[in-house]
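Step one of this worksheet: look at the structure below.
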Amino acid sequence: MILSRKNNKGFTLIELLVVVAIIGVLSSVVLVSINSARISARDTRRISDMKNISTALELFYSAYGRYPITAGASYWDGHWMNFQTCLETGVGCGFTISGIYEPVMKDVPNDPKDVTPNVSDNSVTYYFSYNCTNNQGYLLKARLEKNHNILQSDADGGAFSAVDLGCADTYNYYCIKQNWCY
1098 MILSRKNNKG
1108 FTLIELLVVV
1118 AIIGVLSSVV
1128 LVSINSARIS
1138 ARDTRRISDM
1148 KNISTALELF
1158 YSAYGRYPIT
1168 AGASYWDGHW
1178 MNFQTCLETG
1188 VGCGFTISGI
1198 YEPVMKDVPN
1208 DPKDVTPNVS
1218 DNSVTYYFSY
1228 NCTNNQGYLL
1238 KARLEKNHNI
1248 LQSDADGGAF
1258 SAVDLGCADT
1268 YNYYCIKQNW
1278 CY
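Taking this note's numbering, the leading residue of the sequence shown gets 1098, the next gets one more, and so forth.
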């Protein structure tokens, strides 16, 4: 008996498994790179937002001779919403604004992830605090997702202290402060 050899045109199972494995490795590398780029982009936006809000606060100070004192809240998100209302509408700024209020910032931004934060879990969020009781300073804070060592010791407007509401800690906060009383 003569064995005839068929001319199979196709891939073996081993070849297909190798190709699938290579595609899997390449796709996981791409996904990790994309996620890292998204985190960096959100952190860059947070830093930019903080600087823009700081500029708006300086415009507010220039117009009214003091920074706002916004109503506190149990959670950071409530406190931030009160701050947004003050800068956007002139309501709830801690004093009566006479005349027509010209908004110093039409849309005060939220954190890019839109996380609903609270004080106890250190969520990614923005935070505003006024200086003691004299309205002559403020502290802005954003929690970054990635550790940026160069920013850990950065606090525009002054050096960190132990009571800077977490700016000197290891939670990756980026802070801008002006005439902070501590």
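No residue lacks a Cβ here, since even glycine has one placed at the ideal position from N, Cα and C.
With a 10 Å radius around the Cβ and a threshold of 16 neighbouring Cβ atoms, Asp1204 comes out exposed. The residue among Val1129, Ser1125, Ile1150 and Leu1128 with its C-alpha nearest the C-alpha of Asp1208 is Ile1150.
In the three-state reduction of the DSSP assignment, Ile1119 falls in the helix class, which pools H, G and I.
DSSP places Ile1273 in the strand class (E or B) of the three-state scheme. For Lys1238, the enclosing beta strand (DSSP E) covers residues Tyr1235 to Arg1240.
Scanning its chain for C-beta atoms nearer than 7 Å, with the 5 sequence neighbours on each side dropped, one finds no residue around Phe1108.
Rounded to the nearest whole angstrom, the C-alpha separation of Ser1145 and Ser1124 is 32 Å. Assignment of Ser1226 by DSSP, reduced to helix, strand and coil, places it in the strand class. In this structure, Tyr1270 sits near Lys1238, with a CB-CB distance shorter than 8 Å.
For Gln1233, the closest alpha carbon among the candidates Val1122, Ser1159 and Tyr1164 is that of Tyr1164. Across the set Leu1154, Ile1136, Trp1177 and Thr1193, the C-alpha of Leu1154 shows the shortest separation from the C-alpha of Lys1274. Judged by their CB atoms, Leu1241 and Arg1135 are not nearer to each other than the 8 Å cut-off. In the three-state scheme derived from DSSP, where H, G and I count as helix and E and B as strand, Tyr1158 is classed as helix. The straight-line gap separating the alpha-carbon atoms of Asn1179 and Gly1189 is approximately 7 Å. Thr1167 sits buried, since 16 or more C-beta atoms from the chains shown fall within 10 Å of its C-beta.
With distances taken between CA atoms, Ile1194 lies nearest to Tyr1158 out of Tyr1224, Ser1226, Glu1112 and Tyr1158.
Take the alpha-carbon of Ala1118 and the one of Val1126: they are about 13 Å apart.
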